[in-house]
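Using the numbering used here, read the sequence shown as starting at 2 and increasing by one per residue. Glycine residues also receive a C-beta, built at the ideal position from the N, C-alpha and C atoms. Only a predicted model underlies this, so the values are computations on that prediction, with no experimental measurement involved.
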Amino acid sequence: MWVTSGHHSAVNFGQYHFAGYFPNRPTTIRKNMPVEEGGPGEEMEKFLKQPETTLLDMLPTQMQAIKVMTTLDILSSHSPDEEYMGEFAEPSWLAEPMVKAAFEKFGGRMKEIEGFIDECNNNLDLKNRCGAGIVPYELLKPFSKPGVTGRGIPSSISI
């Protein structure tokens with residue numbers, strides 16, 4: 002159950018946030034970075050004079066970047082009819098008191114986990130979770146709204 006829900010959510014729904022802006026994590030580099038070894042060549046001289054031009058020549062083309070951004074947007078999006086772990090019980094579960102109680106306990110635990118994640122994100126002692134330039138960790142927050150949210154654990158693999 003973990004692989005098809007929590008694990009998949011943790012590795013899938015954050016893709017757009019971490020790689021959608023291609024200068025942060027380019028999926029392709031079209032040229033090698035100039036190197037100093039072997040003496041200053043033409044490429045190294047160009048790099049030293051105009052490093053921005055060299056960098057822009059290396060990055061993906063506009064079309065390559067758009068394709069990756071579109072793919073990551075699709076992969077990272079939640080559907081409006083998505084069902085999340087612990088959110089909705091099957092009608093047959095509600096008919097059996099023990100199963101209903103277990104489901105309600107599970108749903109309550111999922112809400113506790115969401116609160117724990119918020120608590121960690123706001124803890125000033127956790128430098129990897131809180132502070133300037135730090136993106137709050139939300140990938141394993143159990144519930145989400147539709148779209149690219151970077152959070153939510155659907156009841157199964159959802160693409």
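For residue j and residue i, believed in contact at Cβ under 8 Å, the rounded distance
| i | j | result |
| --- | --- | --- |
| V149 | Y17 | 5 Å |
Beta-bridge pairing of residue i - partner residues as DSSP gives them
| i | result |
| --- | --- |
| H79 | G148 |
| P155 | Y85 |
Residue i to residue j span [Cα, whole Å]
| i | j | result |
| --- | --- | --- |
| L60 | T54 | 10 Å |
| W94 | K101 | 6 Å |
| F48 | H79 | 42 Å |
| K50 | E44 | 10 Å |
| V136 | L127 | 12 Å |
| M132 | A96 | The question names Met, yet the displayed sequence has Gly at residue 132. One C-alpha to the other measures close to 47 Å. |
| E91 | M99 | 14 Å |
| T71 | T62 | 14 Å |
| L125 | G134 | 13 Å |
| N122 | E46 | 45 Å |
| G116 | W3 | 20 Å |
| T1 | R130 | The requested residue 1 is not part of the displayed model; the chain covers only 2 to 160. |
| I75 | M64 | 17 Å |
| P24 | E38 | 26 Å |
| I114 | K106 | 12 Å |
Range covered by the alpha helix (DSSP H) that runs through residue i
| i | result |
| --- | --- |
| P52 | 52-59 |
| M111 | 98-122 |
| H18 | 16-20 |
| A11 | 9-13 |
Same chain only: Cβ atoms within 8 Å of residue i, ignoring 5 sequence neighbours per side
| i | result |
| --- | --- |
| G42 | P35 |
| G151 | F14, G15, Y17, H18, S77, E139, L140 |
| E83 | S145, P147, G153, P155, S159 |
| R26 | F19, A20 |
| D58 | R31, K32 |
Own chain, CB closer than 7 Å to residue i, minus 5 neighbours either side, in chain order
| i | result |
| --- | --- |
| S6 | M86, I154, P155, S156, S157 |
| L73 | Q16, Y17, A20, G21 |
| M111 | M86, G87, P143 |
| A11 | L140, L141 |
Neighbourhood of residue i by C-beta distance below 6 Å, restricted to the same chain and skipping five residues each side
| i | result |
| --- | --- |
| I118 | K142 |
| F104 | A90, W94 |
| G108 | G87 |
| H9 | I158 |
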